Structures are given as C-alpha cells and as structure tokens.
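> Residue numbers (the numbering used here): 449 to 722. Mind having a look at this structure? Questions to follow.
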C-alpha cells in the first residue's frame with residue numbers, strides 16, 4: 449500500500465488578487481508502506497545531522513528561507529546567514545532526492561479560477577483553490593496506485609475549514625457509476641482523507657519543502673522573482689526534485705469531465721460565505 453502525504457502553498461483562500469502569491473499548489477510525496485519505518489527513521493536521523501541546533505524543529509521551508517524565529521523557541525533561523533539557511537534547505541532537498549519518493553502536484557492559477565467563477569457563477573460562488581487542486585491530485589494518485597496494483601491512503605496537513613468539503617469530494621469521486629465519467633472515478637484510494645498535525649509527521653514536512661519549491665518556481669513565471677541568491681536557489685532546488693514529479697497519463701487540460709463534476713457539485717465547492 450502507498451500513502452500520499454500532501455501539503456499546500458500559496459493559500460490565500462478566495463482572495464484571488466494577492467500579487468505576492470499568484471498561484472496555489474497542492475503537492476505531496478508518495479511513500480510505500482513497506483518502506484515506511486526505515487524511511488521515517490532515516491529522515492529523523494538525517495534531520496539531526498542537518499539541523500543539530502534545533503532537534504525539535506518542525507520543518508517549514510518558508511521559515512528557513514526567510515530566516516524566521518519561532519515564538520516557542522524550537523528554532524531561530526535568524527541566527528544563521530542567508531547562505532547558511534539556503535545550505536540547510538539544499539541538504540533537505542538532497543534528502544528528498546535520496547529517499548526517491550514520487551511527488552504528485554497540481555497548480556491553480558488564481559487569476560484563472562477567479563475568471564472561471566465569474567464566468568460560470570457571477571459573484572454568487574467563490575471556490576477555494578484547494579478544492580480545485582484536491583480532485584486532481586486524487587486522480588493522479590489513483591492512477592499511480594492502479595499502475596502499482598495497490599491501494600492507498602491520503603494524509604493531509606490539517607485543514608479544519610475544508611474537511612467536510614474534502615470528504616464530500618472524495619466520496620463523490622468514488623461513487624461515480626456513470627460509464628461516461630469513469631475517467632474521473634477513484635477506485636484504489638481507501639478511506640477518507642486523513643488529517644495530520646504536520647509537527648508530528650516527517651513526511652508532511654518533506655511535502656512542505658517540495659511544495660515550497662514547486663510553488664516558488666512556478667510563481668516566477670507570473671512575476672514573483674526574488675532577489676539573488678534566492679532566485680537561483682529556487683530554480684536549482686526545483687530542478688533537483690523535478691525528476692521525481694509523477695507525470696500522469698491524464699492530461700488535466702483535456703479532462704473535461706472534471707469541469708462537469710465541479711459544476712454538478714458547486715454547492716460543496718462554494719466558499720463565498722466562509
């Protein structure tokens with residue numbers, strides 16, 4: 449069996465006009481449960497070597513990248529230079545490459561989602577980008593599971609405001625019985641998506657790092673270009689993890705039935721009142 453550990457980046461809810469975060473991304477790493485214990489132990493030991501100063505630190509790429517200090521005292525990346533913090537992140541990226549877990553990702557351009565909602569629903573419905581990305585990564589993960597002749601579980605970083613929406617989406621994708629919509633039917637994912645405290649999960653924290661670079665790299669195309677050496681660092685780290693990104697046979701731009709699914713289930717996607 450396999451587990452998808454996923455985390456989001458660029459989350460501004462239904463604020464589609466945030467110029468600093470023009471895209472939303474939901475990305476995760478896929479872990480073979482037969483290797484889970486060994487990988488988890490290895491990650492824990494490597495983290496002790498990479499960041500010996502902060503053994504209880506929950507890894508958040510943004511905090512390291514921006515040299516943040518934790519209020520509860522578990523880390524203080526202000527004490528390091530920018531170059532030292534980028535070096536820490538590179539070692540963590542190298543760890544991700546070393547454990548060689550597939551990465552599943554989907555990007556939502558907020559401007560496009562804004563236009564989609566306006567065109568189809570006027571001002572009555574606003575959809576959180578998370579609820580657009582989740583069905584896509586679910587379908588991609590299901591395809592990977594079918595290829596492996598295996599079942600799988602989805603573990604997500606805590607998303608309390610969206611739990612019922614996410615549960616409903618996954619249930620409906622599993623219960624599709626119309627042959628014309630079998631291209632978006634989920635067959636190999638068991639249970640509902642489970643929500644984890646990221647501070648207790650090595651794999652959610654590594655998913656955070658993957659997603660950070662995917663989001664920042666793609667945001668460069670939309671004018672969010674940081675100063676050097678950060679810009680070069682983002683590009684180089686993305687290129688390291690890029691070979692791990694799973695390429696589904698499903699072309700999301702040709703998956704017309706998912707748009708029908710969105711329209712048929714707009715009541716569970718609507719976040720205009722939240």
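Note that CB positions come from ideal geometry on N, CA and C, so glycine has one too. Note that the structure is a prediction, hence the values are computed from the model and not measured.
Leaving out five residues on either side along the sequence, give the residues of the same chain with a beta carbon under 7 Å from the beta carbon of residue 573.
If you number the chain shown from 1, residue 573 lands on position 125. Excluding sequence neighbours, residue 573 sits near 565, 714, 718, 720.
> What residue range is occupied by the uninterrupted alpha helix (DSSP H) comprising residue 538?
Start at 1 with the first residue of the chain shown, and residue 538 comes out as number 90. Segment 530 to 547, the alpha helix (DSSP H) holding residue 538.
> According to DSSP, simplified to helix, strand and coil, what is residue 517?
Walking along the chain shown from the start, residue 517 turns up at place 69. Strand at residue 517.
> Name the residue from 575, 655, 690, 694 whose alpha carbon lies nearest to the alpha carbon of residue 716.
Counting from one through the chain shown, the residue named residue 716 turns up at place 268. Closest by alpha carbon: 575.
> Report back the beta-carbon spacing between residue 659 and residue 455 to the nearest angstrom; my notes put them in contact at under 8 Å.
Residue 659 sits at position 211 when you count from the first residue of the chain shown. Residue 455 sits at position 7 when you count from the first residue of the chain shown. Yes, residue 659 and residue 455 are in contact; Cβ-Cβ is about 5 Å, under 8 Å.
> So, helix, strand or coil for residue 708, using DSSP?
Position 260 of the chain shown, counted from the first residue, corresponds to residue 708. Looking at residue 708 - three-state DSSP - the assignment turns out to be helix.
> Rounding to the nearest angstrom, what Cα-Cα distance links residue 701 and residue 508 in this structure?
In the chain shown, residue 701 corresponds to position 253, counting from 1. In the chain shown, residue 508 corresponds to position 60, counting from 1. Separation of residue 701 and residue 508 (C-alpha to C-alpha, rounded to the nearest whole angstrom) is 31 Å.
> Hey, out of 630, 471, 475, whose CA is closest to residue 694's CA?
On the chain shown, residue 694 is found 246 positions in, with the first residue counted as 1. Comparing Cα positions, the closest option is 475.
> Quick one: residues in its chain with C-beta nearer than 6 Å to the C-beta of residue 515, no 5 flanking neighbours on either side, listed in chain order?
Taking the first residue of the chain shown as position 1, residue 515 is located at position 67. If we look at residue 515 and ignore the five residues flanking it on each side, its Cβ neighbours are 525, 526, 533.
> Would residue 624 and residue 611 qualify as a contact pair, given that the criterion is a beta-carbon distance under 8 Å?
Taking the first residue of the chain shown as 1, we reach residue 624 at position 176. Taking the first residue of the chain shown as 1, we reach residue 611 at position 163. No, Cβ-Cβ distance for residue 624 and residue 611 is not below 8 Å.
> I need the boundaries of the alpha helix (DSSP H) containing residue 679, first residue and last residue.
If you number the chain shown from 1, residue 679 lands on position 231. It spans 678 to 689 - the alpha helix (DSSP H) in which residue 679 sits, taken as one unbroken run.
> By the three-class DSSP mapping on this structure, what secondary structure does residue 512 have?
Start at 1 with the first residue of the chain shown, and residue 512 comes out as number 64. DSSP places residue 512 in helix when its eight states are reduced to three.
> Taking buried to mean at least 16 other C-beta atoms within 10 Å of its own C-beta, is residue 621 buried or exposed?
Numbered from 1 along the chain shown, position 173 holds the residue referred to as residue 621. Buried, by the Cβ-count rule.
> So, for residue 492: in the same chain, excluding its five sequence neighbours on each side, which residues have a beta-carbon less than 6 Å away from its beta-carbon?
Looking up residue 492 in the chain shown gives position 44. Counting only residues of its own chain and dropping the five nearest sequence neighbours on each side, residue 492 has no CB closer than 6 Å to any other CB.
> To the nearest angstrom, report how far apart residue 561 and residue 569 are at their CA atoms.
Counted from its first residue, the chain shown places residue 561 at position 113. Counted from its first residue, the chain shown places residue 569 at position 121. Those two C-alpha atoms are separated by around 11 Å.
> Whose C-alpha, out of 710, 666, 671, is nearest the C-alpha of residue 614?
Taking the chain shown and counting its residues from 1, one reaches residue 614 at position 166. Ranking 710, 666, 671 by Cα distance to residue 614 puts 710 first.
> May I ask you to list the residues that DSSP assigns as paired with residue 671?
By 1-based counting over the chain shown, the position of residue 671 is 223. Note: residue 671 sits in no beta bridge, so no partner.
> Can you tell me the Cα-Cα spacing of residue 677 and residue 627, whole angstroms?
Numbered from 1 along the chain shown, position 229 holds the residue referred to as residue 677. Numbered from 1 along the chain shown, position 179 holds the residue referred to as residue 627. If you take the alpha carbons of residue 677 and residue 627, they lie about 52 Å apart.
> Is the separation between the beta-carbon of residue 547 and that of residue 473 shorter than 8 Å?
Here residue 547 refers to the residue found at position 99 when the chain shown is read from its first residue. Here residue 473 refers to the residue found at position 25 when the chain shown is read from its first residue. Cβ distance not < 8 Å, so residue 547 and residue 473 don't count as in contact.
> Which residue's Cα is closest to the Cα of residue 594: 458, 602, 635, 601?
Position 146 of the chain shown, counted from the start, is the residue given in the question as residue 594. Considering only alpha carbons, the answer is 635.
> Just the Cα atoms here: how many angstroms apart are residue 679 and residue 482?
By 1-based counting over the chain shown, the position of residue 679 is 231. By 1-based counting over the chain shown, the position of residue 482 is 34. One C-alpha to the other measures close to 37 Å.
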